[in-house]
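Novice:
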Amino acid sequence: MNKEKMVRKQIYLEPKQDKFIKKLATGQGKTEAEIIREAIEHYLVSGKSDLSDPLHKLLGMAKSQVKDGSLKHDQYIYLEQKENFDEER
């Protein structure tokens, strides 16, 4: 385990996820928290956490003040990329 101070998080899992984590933890002699941390670390290392993915922009819109994101999501996601491309030319 990393020697840095841990940050406490509270999450909600689906019942099947909970059962799976419990089974893994018991089978490997680890805590459920260790299993979850290892899964997160694997996700981050595998490159699946690409922040340039347009889906990440959609997640950010959910937290923003954008009121018409469901209607104009393509404009909000891709217009910025187009403007950046045009500036580079």
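Be aware that the sequence shown starts at -3, since it is given in my numbering, and climbs by one per residue. Where a beta carbon is used, it is the ideal one built from N, C-alpha and C, also for glycine.
Per DSSP, what kind of secondary structure is Y39 in: helix, strand or coil?
Specialist: In this structure, Y39 counts as helix in the three-state DSSP scheme.
Novice: Classify I36 as buried or exposed, calling it buried when 16 or more other Cβ atoms lie within 10 Å of its own Cβ.
Specialist: Exposed, since its Cβ has fewer than 16 Cβ neighbours within 10 Å.
Novice: Among the residues of its own chain, which have a CB less than 8 Å from the CB of K18, if the five just before and after it don't count?
Specialist: Within the same chain, K18 has close Cβ partners E28.
Novice: Within 10 angstroms of its Cβ, does I31 collect 16 or more other Cβ (buried), or is it exposed?
Specialist: Answer is buried; the Cβ neighbour count reaches 16.
Novice: Where does I31 sit, in a helix, a strand or coil, going by DSSP?
Specialist: Reduced to three states, the DSSP call for I31 is helix.
Novice: In terms of alpha-carbon separation, which member of R33, F16, V41 lies closest to Q6?
Specialist: It is R33.
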